[in-house]
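S.K.: In the UniProt record's numbering, the protein residues as written are 1 to 164.
Quick reminder that beta carbons are idealized off the backbone N, C-alpha and C, glycines included.
Just so we're clear, the structure is a prediction, and the values are computed from it rather than from any experiment.
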């Protein structure tokens, strides 16, 4: 049955910022609303947990629990539960920009989830609904890619931000 099949998403982005700044932003889900347009609300539930609300064609409520935060290796892993259940793996590595050039990094985001929300599971049985759910995810991730570079650069180098 289509509602039982997992969703698997893979994204790979070049971000115009250093890996350290990008990892700091991604490792703090409670801070996502400060930079990620698809996340209007989030709150810290403990040192390794945050409740996150994602807006999109399909709104999603999740609790993210950090399993691995190994910034030396550029690796973050979190367990997701709520409307979806699964795992997200994120790796971030500097691209080795030559001296005098703006830093840049590569972000790889892999996510595997199943639907746990009864209404989402019911909707997923409708022809075309899984594709719509995938499009909702893709839109949220595009907004993350665009905003992540801008926020990471501003965080790493406040002189590069525009001021009113």
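Under three-state DSSP, which class holds residue 161?
M.R.: Taking the first residue of the chain shown as position 1, residue 161 is located at position 161. For residue 161, the predicted structure reports a pLDDT of 41, less than 50, and the residue's modelled location is therefore unreliable. A value from the coordinates is still provided. Three-state result, residue 161: coil.
S.K.: Compare the C-alpha of residue 75 against each of 107, 37 and 135 and name the closest.
M.R.: Residue numbering aside, residue 75 sits at position 75 when the chain shown is read from its first letter. Considering only alpha carbons, the answer is 107.
S.K.: Count the other CB atoms within 10 Å of the CB of residue 119; is the residue buried (16 or more) or exposed (fewer)?
M.R.: Within the chain shown, residue 119 is the residue found at index 119, counting from 1. Exposed, by the Cβ-count rule.
S.K.: Nearest to residue 4 by alpha carbon, out of 123, 110 and 65?
M.R.: Along the chain shown, one-based indexing puts residue 4 at 4. With distances taken between Cα atoms, residue 4 lies closest to 123.
S.K.: Just grab the DSSP bridge partners of residue 108 for me.
M.R.: Within the chain shown, numbered from 1, the residue matching residue 108 stands at position 108. The partner list for residue 108 (beta bridge, DSSP) reads 12 and 91.
S.K.: Starting from the C-beta of residue 19, find all residues in its chain whose C-beta is less than 7 Å away, skip the five residues before and the five after it, and write them out in chain order.
M.R.: Numbered from 1 along the chain shown, position 19 holds the residue referred to as residue 19. 74, 92, 93, 94 and 105.
S.K.: Which whole runs of the alpha helix (DSSP H) in the segment 12 to 90 are 4 residues long or more, in chain order?
M.R.: Counting whole runs of 4 or more residues, the segment 12 to 90 contains the alpha helix (DSSP H) stretches 19 to 26.
S.K.: Just curious, the alpha helix (DSSP H) that residue 121 is in, first and last residue?
M.R.: The count along the chain shown starts at 1 and reaches residue 121 at position 121. Residues 118 to 124.
S.K.: Leaving out the 5 sequence neighbours to the left and right, which residues in its chain are closer than 6 Å to residue 110 when beta-carbon positions are compared?
M.R.: The residue given as residue 110 occupies position 110 in the chain shown. Taken in chain order, the residues that qualify are 10 and 89.
S.K.: Would you report the Cα separation of residue 139 and residue 24, rounded to the nearest angstrom?
M.R.: Numbered from its first residue, the chain shown carries residue 139 at position 139. Numbered from its first residue, the chain shown carries residue 24 at position 24. Distance between the alpha carbons of residue 139 and residue 24 is about 22 Å.
S.K.: With residue 33 and residue 41 assumed to form a contact (beta carbons below 8 Å), what rounded beta-carbon distance in angstroms separates them?
M.R.: Locating residue 33 in the chain shown gives position 33, counting from the first residue. Locating residue 41 in the chain shown gives position 41, counting from the first residue. Contact flag correct, Cβ pair sits at about 6 Å.
S.K.: So the candidates are 152, 151, 141 and 150; which of them puts its Cα closest to the Cα of residue 12?
M.R.: Working through the chain shown from its first residue, we reach residue 12 at position 12. Closest by alpha carbon: 141.
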